[in-house]
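What follows is a single structure, written as structure tokens, with notes after it.
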Amino acid sequence: MPLRPVDRDVLEDISQDISQSNYGFLYVDRVRDDLKDQYQSREKGRLKAPKLSTSDVKESLRDLAEDENYSLERIRSGVFYWDPFGSGTRTGITERLKGVFRDQMVVTTEDLRKAFDLAHEDADFFAKQLRRQNLVMRIAAGSRDYYSVGSRLKEETGEDDLKGKLKRRATHGKLSHGQLEEAISVAATSDVIGYLQGEGLIIDMDGEYLVRSALDEFAEKLADDLGDDVSRAFEDAGNVMPTGEYDSLIESEIEVRSNVLAHVRSSGADIGKRDVIEAVREQYDDEDGDPHVEVLEARSLAVAVEPFDRMVEGRAEDLTRPLLQDLTATTADNLKQELREEIEELHLTTSDAGNAYARTKVRERGEELIDERF
489 MPLRPVDRDV
499 LEDISQDISQ
509 SNYGFLYVDR
519 VRDDLKDQYQ
529 SREKGRLKAP
539 KLSTSDVKES
549 LRDLAEDENY
559 SLERIRSGVF
569 YWDPFGSGTR
579 TGITERLKGV
589 FRDQMVVTTE
599 DLRKAFDLAH
609 EDADFFAKQL
619 RRQNLVMRIA
629 AGSRDYYSVG
639 SRLKEETGED
649 DLKGKLKRRA
659 THGKLSHGQL
669 EEAISVAATS
679 DVIGYLQGEG
689 LIIDMDGEYL
699 VRSALDEFAE
709 KLADDLGDDV
719 SRAFEDAGNV
729 MPTGEYDSLI
739 ESEIEVRSNV
749 LAHVRSSGAD
759 IGKRDVIEAV
769 REQYDDEDGD
779 PHVEVLEARS
789 LAVAVEPFDR
799 MVEGRAEDLT
809 RPLLQDLTAT
819 TADNLKQELR
829 EEIEELHLTT
839 SDAGNAYART
849 KVRERGEELI
859 DERF
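Quick look at the structure:
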């Protein structure tokens, strides 16, 4: 012990400054010369020790850690920790974590240790601090601990979490087994894949995986693949069909191209067969921002918009053209009545509900054409 006491406040300021540059850790043996030099340059009190030995530093820091008035924690001999989160001085931690996760979906405790240049004995301790702050998320897989981006790190840095990383790596909403192994790239790959499945983040489809967060991209690709067949089915039905028939059509076309519907039923994801069908249908319904198919909920009908509109226009023109050839001895109301009588004979679609709707639209357009001539 020095002949004069150590100035605790000065030692506290110096050790805290040094620890914050090392993510909260103070390794006395690493920084003893810097710590002693700074103490000597700052301590001017006549009643305080002007110089310190390494043993003085360790003993004084141990006393600080035992004093509840100081925010210092002794982890083990010669190693102390100033909580950078509690003090509001998380110097560089989020930036370093963002770098760790930039190209990796999952990291090990050892990856974190190396990134923050910690002693092996302190890796688990620091990982626990990061978890408490929601900067990392622990993945329970096998006998080892793995980590991914936590909610707070995502919020503060914009770094993708597991859902986002899986989505970004997916192609048309899917990952092959090889792609998933490459993305995870840790020893217990199968355990991590099992965790992702258990959490409903991916769905195993016999050698490839549907990424839950990329369902829209998967549905978009399927909708594009089945588009021609669905268009032909609409054409055969008169461009209008009951919504139940439309759903069945989408379902059958999906099953021709993918085994997804069989696998989502047995997955742990919050997704079912109905979710997939609706996602594909929505993607098919809207084509490049324009309505491709319009679903009329009140009528329980699905309408192929563009061909249906062409059909209505063509039929209305064909029916009104002969009626409008001689207008000298008739009225608009008389022509509309004749138009209605002719429309009653039309069979435009394969369903009764669709036919009734198509007749109504042809009549409305035909009456507009008659009004335009009077």
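Taking the working numbering, the leading residue of the sequence shown gets 489, the next gets one more, and so forth.
Heads up, the beta-carbon is just placed ideally off N, CA and C, and yes, glycines get one too.
Given a length threshold of 3 residues, each whole run of the beta strand (DSSP E) inside the stretch 669-737 is given here in chain order: 690-692, 696-699, 728-730. If only complete runs of 3 or more residues are kept, the stretch 539-619 shows the beta strand (DSSP E) at 560-564, 567-570, in order along the chain. Counting along the chain, Ser636 sits inside the beta strand (DSSP E) bounded by residues 632-637. By the Cβ neighbour-count rule, Gln771 is buried, with 16 or more other Cβ atoms within 10 Å of its own.
With respect to Leu606, Phe513 sits close: the two C-beta atoms are nearer than 9 Å. When Phe796, Lys651, Ser755, Ile672 are compared, the shortest CA-CA separation from His780 is found for Phe796. In this structure, Tyr697 and Arg787 do not form a Cβ contact; the two beta carbons are roughly 39 Å apart against a cut-off of 8 Å. Excluding residues up to 5 positions away in sequence, Leu836, Thr837, Thr838, Gly842, Ala846 lie with their Cβ nearer than 7 Å to the Cβ of Gly726 in the same chain. Of the residues assessed, Asn510 falls on the buried side of the cut-off, its CB having 16 or more other CB atoms within 10 angstroms. At a cut-off of 3 residues, the continuous stretches assigned as beta strand (DSSP E) that sit fully inside the stretch 738-798 are 781-784, 789-792.
If you ignore the 5 residues before and after Thr582, its C-beta comes within less than 8 Å of the C-beta of Leu623, Leu641, Glu644, Thr645, all in its own chain and listed in chain order. Nearest C-alpha to Leu585 among Thr542, Val793, Glu647, Asp610: Glu647.
Shown here, Leu834 sits in coil according to DSSP, grouped into three states, outside any helix or strand. Taking all protein chains shown into account, Val744 has fewer than 16 neighbouring C-beta atoms within 10 Å of its C-beta and is therefore exposed. Residue range 662-664 is occupied by the beta strand (DSSP E) that includes Ser664.
Around the CB of Lys539, fewer than 16 other CB atoms lie within 10 Å, so the residue is classed as exposed. The alpha-carbon of Asp495 is positioned some 18 Å away from that of Phe568. Per the C-alpha coordinates, the member of Glu561, Glu556, Lys536, Arg530 positioned closest to Lys546 is Glu561.
Taking the C-beta atoms as reference points, Gly661 is found nearer than 9 Å to Ala707. The closest CA to that of Ala721, considering only Lys709, Ser740, Leu703, is found on Ser740. Annotated three-state conformation of Thr645 is helix, per DSSP. In the three-state scheme derived from DSSP, where H, G and I count as helix and E and B as strand, Ala804 is classed as helix. Taken through DSSP and simplified to helix, strand or coil, Thr659 comes out as strand. For Ser565, the closest C-alpha among the options Ser559, Arg550, Gly574 is that of Arg550. Annotation: the continuous alpha helix (DSSP H) that includes Val498 extends over 496-508.
Looking at the backbone, the Cα of Tyr558 and that of Asp525 are separated by about 22 Å. When only Cα atoms are considered, Gly802 and Ala658 end up about 45 Å apart. By the CB criterion at 9 Å, Leu749 and Arg700 fall outside the cutoff.
Of the residues assessed, Arg853 falls on the buried side of the cut-off, its CB having 16 or more other CB atoms within 10 angstroms. In this structure, Val594 and Tyr634 form a Cβ contact; the two beta carbons are roughly 5 Å apart against a cut-off of 8 Å. DSSP places Tyr845 within a helical segment (H, G or I) once states are collapsed to three.
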